[in-house]
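The first sequence lines up with residues 21 to 176 when you count with my numbering.
Even for Gly, the Cβ is constructed at its ideal location relative to N, Cα and C.
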Amino acid sequence: MRHWLCKSEETCYSIADLERDGRAGWDSVRNYQARNFMRDQMKVGDLILYYHSNADPTGVAGIARVSKTGVADPTQFDPRSEFHDPKSTKDDPTWIMVEVEFVERFRGVVTLASLRKEPSLAGMTVLAKGNRLSVMPCDPDHFRIVRAMGRALGKR
DNA sequence: GCCAACGTTGGC
DNA sequence: GCCAACGTTGGC
């Protein structure tokens, strides 16, 4: 089983939204590297650190799990969507996503600052300078450390 | 709002 | 294939 870190803008779709909905398509990703991770490497059951970007504070807010793979992102076919891709066809869709399900929500947020302060997380992909990927692999040890930090904040 | 860093586009 | 210009991400 692989581990991942996925970013979502908190105001766009937060861990609280996922908790409410139970599951959601990880749609609107328009970066080939992120798409390739979802399309080629994610498996049902993989665990995801749910990261809030553009948030106050920014950081890991909970855990999700891959519940379905190989789903065509519906926004690519919607002419009214800002993520509409007129070059993509239903027979051969460009943007393949996964569906994720809610696992747990931390009482607070494991902030980016606290991730940077933790020596055992040195080398974590999300901390790399200039990293703008919204979907990236996460070392299993790093995953467990961050989850423990989150749970130490108390559980809802 | 600023800006660093990176991805994409398109001219050549 | 190179690279400049532009757009986007995302922290601050």
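Item: Unbroken alpha helix (DSSP H) run spanning G82, endpoints; Value: No alpha helix (DSSP H) contains G82, which is instead part of the beta strand (DSSP E) from G79 to A92.
Item: Validate contact between the region 111 to 120 and the region 89 to 98 using beta carbons, cut 8 Å, 3 pairs; Value: yes
Item: Whether V86 touches D66 by CB criterion (8 Å); Value: yes
Item: Assigned secondary structure, G42 (DSSP; H/G/I helix, E/B strand, else coil); Value: coil
Item: Proximity below 8 Å, CB of V49 to CB of R55; Value: yes
Item: Between the CA atoms of D98 and W24 - distance to the nearest angstrom; Value: 28 Å
Item: Cβ shell of M117 (< 6 Å), same chain only, five flanking positions each side left out; Value: G45, W46, D47, M58, V91 and D93
Item: Rounded straight-line distance, which links the Cα of A36 to that of I68; Value: 15 Å
Item: Under the three-state DSSP convention, the category P160 falls into; Value: helix
Item: M156 classed as buried or exposed, judged by whether at least 16 other C-beta atoms fall within 10 angstroms; Value: buried
Item: Reduced DSSP secondary structure (H/G/I, E/B, other) of R125; Value: strand
Item: Residue interval of the alpha helix (DSSP H) (run including L132); Value: L132 to K137
Item: Proximity test, A75 beta-carbon vs the ligand GDP heavy atom, cut-off 7 Å; Value: With respect to small molecules bound, the structure shown includes none, and the ligand GDP cannot be examined in it.
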